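Position one of the sequence shown corresponds to residue 0 (numbering that gives the first Met the number 0), numbered consecutively onward.
Reading through the structure tokens given below for one structure.
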Amino acid sequence: MTPDNSPVSPILPGAWLGMVGGGQLGRMFCFAAQAMGYRVAVLDPDATSPAGTVADRHICAAYDDEAALTELARLCAAISTEFENVPAASLDALAKSTFVSPAGRCVAVAQDRIAEKRFIAAAGVPVAPHVVIESSQALAGIDDTALAAVLPGILKTARMGYDGKGQVRVGNAEEVREAHASLGGVPCVLE
0 MTPDNSPVSP ILPGAWLGMV GGGQLGRMFC FAAQAMGYRV AVLDPDATSP AGTVADRHIC
60 AAYDDEAALT ELARLCAAIS TEFENVPAAS LDALAKSTFV SPAGRCVAVA QDRIAEKRFI
120 AAAGVPVAPH VVIESSQALA GIDDTALAAV LPGILKTARM GYDGKGQVRV GNAEEVREAH
180 ASLGGVPCVL E
């Protein structure tokens, strides 16, 4: 591999490709890769995961299981992930010995809505009006006028929300407070 973790030569059919995550996107990846002649190994903790059931090799283990990560890295010429909620540290560990895309540092930004908005804004790209709510205590200190500027809106958990999970439609400041409490008081973005 080169210093930027990219393969030195093309990865040809017959090689093993790895997928961290065994959901529907991983399943589609398996079918496409296998149709091109690649073999696919999937790392997913669910023995009945959609991708794991069609992969050539299913490593049924937690995403941060060191032995499983070592096995996946040893087996595969390249590894990707089918969703952003895998530990970025696991992708970094894999990248020490094989090509991984996206990089752990990219996934770390993508898996946190607050970090994502800050990253995009720092790059000079306009972002939708929003309010960051780091905690219940922080929310208590946010003026209702600041909240009203983005209402009605959607309160979204900063992490682990997907497919509508971790999201609540809100219309006023009181609903924001109630929704934040119902989401466990975790860091959120109101937009």
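Beta carbons are placed, not taken as given, at the ideal position from N, Cα and C, and that holds for glycine.
The structure presented is a predicted model; accordingly, all values stated were derived computationally and were not measured.
Subject >> Unbroken alpha helix (DSSP H) run spanning Q23, endpoints >> reply: Locating residue 23 in the sequence shown gives position 24, counting from the first residue. From DSSP, the alpha helix (DSSP H) with Q23 extends over Q23 to A34.
Subject >> Coil, strand or helix - G103 by DSSP >> reply: Position 104 of the sequence shown, counted from the start, is the residue given in the question as residue 103. Helix.
Original post:
Span of the alpha helix (DSSP H) holding I113?
Top reply: Position 114 of the sequence shown holds residue 113. Counting along the chain, the alpha helix (DSSP H) containing I113 begins and ends at R112 to A121.
**OP:** Might you give, ordered along the chain, the residues of its own chain that have their beta carbon closer than 6 Å to the beta carbon of G17, omitting 5 neighbours on each side?
**Re:** Translated into positions along the sequence shown, residue 17 becomes position 18. Hits under 6 Å: A40, L71, C75 and I78.
**OP:** Write down the C-beta distance between A107 and A87 rounded to the nearest angstrom, noting that I regard them as a contact closer than 8 Å.
**Re:** Working through the sequence shown from its first residue, we reach residue 107 at position 108. Working through the sequence shown from its first residue, we reach residue 87 at position 88. Indeed they touch by this definition, with Cβ atoms about 4 Å apart.
**OP:** Classify V108 as helix, strand or coil using the three-state DSSP reduction.
**Re:** For this step, residue 108 is matched to residue 109 along the sequence shown. Look at V108 here: in three-state DSSP terms it is helix.
Original post:
Just reading off the beta strand (DSSP E) that V188 is part of, what are its end residues?
Top reply: Walking along the sequence shown from the start, residue 188 turns up at place 189. Element bounds for V188: C187 to L189.
Original post:
Whose CA, out of L24, R117 and P186, lies closest to the CA of L154?
Top reply: Residue numbering aside, residue 154 sits at position 155 when the sequence shown is read from its first letter. Comparing Cα-Cα distances from L154 to each of L24, R117 and P186, the minimum goes to P186.
Original post:
In whole angstroms, what separates the C-alpha of A32 from that of L146?
Top reply: In the sequence shown, residue 32 corresponds to position 33, counting from 1. In the sequence shown, residue 146 corresponds to position 147, counting from 1. In a straight line, the C-alpha of A32 is about 47 Å away from that of L146.
Subject >> Every unbroken beta strand (DSSP E) within the stretch 133 to 182, with a cutoff of 3 residues, ordered by chain >> reply: 152 to 156 and 166 to 169
**OP:** Give me whichever residues DSSP pairs with V124 in a beta bridge.
**Re:** Stepping through the sequence shown from its first residue, residue 124 is reached at position 125. According to DSSP, V124 bridges with nothing at all.
Original post:
With 16 as the cutoff for other CB atoms within 10 Å, does V126 come out buried or exposed?
Top reply: Here residue 126 refers to the residue found at position 127 of the sequence shown. The residue is exposed, with fewer than 16 neighbouring Cβ atoms inside 10 Å.
**OP:** Counting only the same chain and skipping the five closest in sequence on each side, list residues whose C-beta sits under 8 Å from that of H179.
**Re:** In the sequence shown, counting from the first residue as 1, residue 179 sits at position 180. Here the set comprises I132, S135, L138, L154 and C187.
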